[in-house]
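Only one structure is covered here, and it is reproduced in the block below.
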Amino acid sequence: MEIIKIESLSKYYGKARGVTDLSFSVDQGEFFGFIGPNGAGKSTTIRVLLGLIHGSYDKVEIFGKDIATHQQEILADVGFMSSEGMFYNGMKVKDIIRLSADLRKKDCSVEAKRLCDVLQLDTSRKIEELSLGNRKKVSIVCAMQHRPSLYIFDEPTSGLDPLIQHEFFTLLKERNKEGATVFLSSHILSEIQRYCDKAAIIREGKIVAYDNVEKLTKTKVRRITLIGNVDIESLAGVSQVKRLNGSMTFFYEGEIKNLLRVLEKADLKDLMINEPDLEEVFMHYYKKEGEIL
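Take a look at the structure:
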């Protein structure tokens, strides 16, 4: 079953681009990564998906229901965490967490306490006294305490120390194993590669890659590292050339036989051919006119 379904979504802010003709889906039980730098359109997509802002589209559905006509019903079973972690000043952490549960008409006190203990969150402090990391912890508790079927997190780990990041992902993996679907928006590629099953890469408001994380790293592109005097100027399919102390590293997505033909004529001392990791694949998709964005 498709838990999230987006078809032909576009959103503009006046003449400024938000997202353009976006289409992808997330299946039930997936741990899905949504990758892109700031300004690529990740938050815009999420806000339209949750009905917080409106765009033009053929379909925007969660749980098979249109967000425009079933928003309240849908959001009752969604845990959302925004990137900002903003709350009412003057309230204590415990009051914010209780308010979040009351709005859902649920008693989440037992689960909230467990989450606060795991995340080392002091619930007696006032919101305005908290660092960004501690406000993010409050957001995590509010998003997870009612144990929804779908979690949507927008840049959740910025501001969290490494230990708490580990605890956060342990919690998410537990929920995912229990059958919950996780939608994780992030620009931290190691998070996506470590935890996600499938991912979409967004660039300038458009999806440029969409597949299983394992398949995304198994492209035709290869990272070539060599030592020696090699002329690759005439070789098609070469990009991102770096030279340092007699060595050369570049990406190659042409025919291997053409590469070997060039290397045969070269004064070559050493050669390594590797598959790129997700970060390198990401940067490959973000090339523009031969340069890295």
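By my numbering, the letter at position 258 of the sequence shown is numbered 258, and the numbering carries on one by one without gaps. Even for Gly, the Cβ is constructed at its ideal location relative to N, Cα and C. Here the structure is a predicted model, which means the values were calculated and not measured.
Close beta carbons around residue i, own chain, < 8 Å, minus the five adjacent residues each side
i	result
residue 254	235, 236, 237 and 238
residue 75	50 and 51
residue 232	238, 241, 248, 250 and 262
residue 126	89, 90, 91, 92 and 93
residue 66	59 and 60
residue 53	11, 44 and 47
residue 96	87, 88, 127, 138 and 142
Distance between residue j and residue i (C-alpha atoms, nearest Å)
i	j	result
residue 59	residue 203	21 Å
residue 241	residue 116	48 Å
residue 73	residue 130	32 Å
residue 156	residue 167	13 Å
residue 44	residue 257	44 Å
residue 259	residue 224	10 Å
residue 268	residue 245	14 Å
residue 191	residue 178	20 Å
residue 21	residue 176	29 Å
residue 211	residue 2	15 Å
residue 170	residue 230	47 Å
residue 99	residue 68	25 Å
Those residues which DSSP pairs with residue i across a bridge
i	result
residue 184	33 and 153
residue 26	4
residue 63	In DSSP, residue 63 forms no bridge with anything.
residue 199	33 and 211
residue 225	249 and 272
residue 81	153
residue 19	11
residue 239	251
Residue i classed as buried or exposed, judged by whether at least 16 other C-beta atoms fall within 10 angstroms
i	result
residue 145	buried
residue 124	exposed
residue 57	buried
residue 154	buried
residue 194	exposed
residue 119	buried
Beta-carbon contacts of residue i that lie in its chain and below 6 Å, excluding the five residues immediately before and after
i	result
residue 248	226
residue 165	157
residue 128	89
Own chain residues within Cβ distance below 7 Å of residue i, not counting five before or after
i	result
residue 30	181, 197 and 198
residue 132	85 and 159
residue 149	77, 180 and 181
Any non-hydrogen atom of the ligand HEM closer than 6 Å to residue i Cβ
i	result
residue 8	Among the components of this structure there are no ligands whatsoever, and the ligand HEM is therefore not found.
> Which full runs of the alpha helix (DSSP H) of 4+ residues lie inside the segment 133-178, going along the chain?
Replying inline: Runs of the alpha helix (DSSP H) inside the segment 133-178: 162-177.
Item to complete: Entirely within the segment 243-272 and at least 4 residues each: give me those alpha helix (DSSP H) ranges in chain order.
Response: Taking only runs of at least 4 residues, the alpha helix (DSSP H) segments lying wholly in the segment 243-272 are 256-264.
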